Amino acid sequence: MAARDKLTTIVSTKGQVILPSSVRRRREWKAGTRLTVEETSEGVLLKPAPAFDATRPEQVFGVLAYRGKPKTLEEMDESVLAEARRRHDRD
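Going by my numbering, the first residue of the sequence shown is number 940, and it counts up by one from there.
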């Protein structure tokens, strides 16, 4: 971005900053978009916040519980394909 193309904004008394509409459009940041704020040596970096908090495997192992004979890869592939067909036929 050339020096003449740099955009400026003002910090309000409430600490709010309005991002120029051209930046919001280009980034597809609509009202309500959650952003992370990171301080860097260059300034402040805004990035879209992840939809979900980071988790560790031990935090989600409970949802993986399965009682029964283990499925083969072929059986899993068949099940995924059957579900995809079912969902496609529903539309």
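For glycine and all other residues, C-beta sits at the position ideal for the given N, C-alpha and C.
All values derive from a computational prediction rather than experimental measurement.
Through-space distance from residue j to residue i, alpha-carbon basis
{"i": "F1000", "j": "T994", "result": "11 Å"}
{"i": "E997", "j": "G1007", "result": "21 Å"}
{"i": "A1021", "j": "K953", "result": "54 Å"}
{"i": "V983", "j": "L1003", "result": "39 Å"}
{"i": "E1017", "j": "H1027", "result": "15 Å"}
{"i": "L946", "j": "E977", "result": "20 Å"}
{"i": "A990", "j": "D944", "result": "32 Å"}
{"i": "D992", "j": "Y1005", "result": "25 Å"}
{"i": "V1019", "j": "K1010", "result": "12 Å"}
{"i": "E1014", "j": "R1024", "result": "15 Å"}
C-beta contact flag for residue i and residue j at 8 Å
{"i": "T948", "j": "P959", "result": "yes"}
Cut-off 7 Å between Cβ atoms - residues of its own chain near residue i, not counting five sequence neighbours on either side
{"i": "L974", "result": "L985, K986, P987 and A988"}
8 Å contact criterion, which residue i and residue j should meet: CB distance rounded
{"i": "V956", "j": "V962", "result": "Not quite, the Cβ-Cβ distance comes to about 11 Å (not below 8 Å), so this is no contact."}
Beta-carbon proximity list for residue i, same chain, < 8 Å, skipping 5 on both sides
{"i": "E967", "result": "none"}
{"i": "R1029", "result": "none"}
{"i": "K969", "result": "R963"}
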